[in-house]
Amino acid sequence: MKIRLSLVSLFLVVTGTFANASETTLAPRDPSQLHIASGSAMLVDLQTNKVIYSSNPDVVVPIASVTKLMTGMVVLDAKQNMDEYISINISDTPEMKGVFSRVRLNSEMPRKEMLLITLMSSENRAAASLAHHYPGGYAAFIAAMNAKAKALGMTSTRYVEPTGLSTHNVSTARDLSKLVQAARKYPMLTQLSTTKEKTVAFRKPNYTLGFSNTDHLVNRANWDIKLTKTGFTNQAGHCLVLVTQMGNRPVSLVILDAFGKYTHFADASRIRKWIETGKSGAVPDVALQYKADKNLKGRQKSVVQASESR
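Those letters in the sequence shown? Residues -21 to -1, 1 to 289, by mature numbering (1 follows the signal peptide of the UniProt record, and there is no 0).
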């Protein structure tokens, strides 16, 4: 009988079918074994709401098109007709001046499709137009963005426009973790932000355009992305927020100010590898130099010291 029990126990260990296997998947890891290139990051276990890892989480930085996740929430909170055709209008958004877009001014498409290309492919003219057609107008939309941030406890966040082109749209990794956790409760945000690609139709004039997701991870079979948004400006660097699975647990991840077109995705992979194996692997020297030059760690110390002196 003892031999039989031992064999059964061995089988359970090998197959990972102990009842508490998922409980131990996110066992504490050594942070010194995690190397990332991003200036700021936060990983949260969504089952326990505990922070698994953070790096400079309270430094206030520009957030680029991660802004559009809040834009989407405000649009949906207004409960407008998502099938209503609305026009492309950027007259209220001075940040759009000179910014290239394939989308033609004054053409029309349904509000839901406008929100789709805003979230999936970060189309700036679509985001600006959603705000333009908000009840009460553009100023009311920006006020609603900031009111929503306040309601979510995002105390270090400020929005001045709906696209993320402005460097005055700022937040922290900690605040954006709160935003992501709230956004995942909106089924349409999860659906639209993770759409891989779609050809959408406009009218007045009639034309079609193909769009694809700016988050390359949604196309990878080994990733299960439930919600996502990317962002980039020269000042903000490359940014990424998402909800996914790591170590068989749902997590939210915020990555801000990464160097290079793919560094934020590489950092997400390094963080996942660290969760699952305890080690992340190395970071390219050029990305580390960018991180050192931006010196968010030094800025975080300054923020803490200023707070303590009050």
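Ideal placement from N, C-alpha and C gives every residue a C-beta, glycine not left out. None of these values were measured; they are calculated from a predicted model.
| Asked | Found |
| --- | --- |
| Delimiting residues of the alpha helix (DSSP H) encompassing glutamine 268 | 264 to 273 |
| Where the alpha helix (DSSP H) containing serine 248 begins and where it ends | 242 to 256 |
| Classification of leucine 275 by the beta-carbon crowding that lies within 10 angstroms, buried from 16 upward | buried |
| Three-pair Cβ contact test at 8 Å for the segment 138 to 153 versus the segment 36 to 43 | yes |
| Proximal residues to methionine 167 (C-beta, below 7 Å), its chain only, five neighbours per side dropped | Leu55 |
| Host beta strand (DSSP E) of glycine 216 (start-end) | 216 to 225 |
| Short CB-CB distance (under 8 Å) between glycine 257 and chain D | This model lacks chain D altogether; it includes just one protein chain. |
| Whether alanine 20 touches serine 33 by CB criterion (8 Å) | yes |
| Residue nearest to serine 86 in terms of C-alpha spacing, selected from Lys252, Phe238, Pro184 and Ile250 | Pro184 |
| Same chain only: Cβ atoms within 6 Å of leucine 13, ignoring 5 sequence neighbours per side | Trp253 and Ser259 |
| For isoleucine 74: DSSP bridge partner residues | According to the sequence displayed, residue 74 carries glutamate and not isoleucine. Paired residue(s): none; glutamate 74 is not in a bridge. |
| Among Leu25, Lys29, Val45 and Ile31, the one whose alpha carbon lies nearest that of aspartate 236 | Val45 |
| Span of the beta strand (DSSP E), counted from its first residue to its last, around phenylalanine 190 | 186 to 191 |
| Simplified DSSP state of isoleucine 234, which is helix, strand or coil | strand |
| Beta-carbon gap between asparagine 201 and glutamate 176 smaller than 8 Å | no |
| Continuous beta strand (DSSP E) stretch holding aspartate 24: start and end | 19 to 24 |
| Whole-Å CB distance - aspartate 24 paired with glycine 257, under 8 Å assumed | With a Cβ gap of about 16 Å, aspartate 24 and glycine 257 do not count as contacting. |
| Integer-rounded CB distance, given that alanine 152 should sit under 8 Å from alanine 233 | Strictly speaking, residue 233 in this sequence is valine, with alanine absent from that position. Right, the Cβ-Cβ distance comes to about 4 Å (below 8 Å), so this counts as a contact. |
| Arginine 81 - DSSP class collapsed to helix/strand/coil | coil |
| Top-ranked residue by Cα proximity to proline 89, from Met99, Ile65 and Ala110 | Ile65 |
| Beta-carbon spacing of leucine 109, valine 159 below 8 Å | no |
| Segments assigned alpha helix (DSSP H), at least 4 residues, entirely inside the segment 119 to 168 | 152 to 162 |
| Residues that lysine 29 bridges to, as DSSP identifies them | Asp24 |
| Length of the line joining the Cα atoms of valine 265 and methionine 61 | 45 Å |
| Beta carbon of arginine 104 nearer than 8 Å to that of methionine 124 | no |
| Outcome for lysine 198 when other beta-carbon atoms lying within 10 angstroms are tallied against a minimum of 16 | According to the sequence shown, residue 198 is asparagine rather than lysine. Result: exposed. |
| Buried or exposed (CB count within 10 angstroms, at least 16 for buried), threonine 27 | exposed |
| For leucine 206: DSSP bridge partner residues | Val222 |
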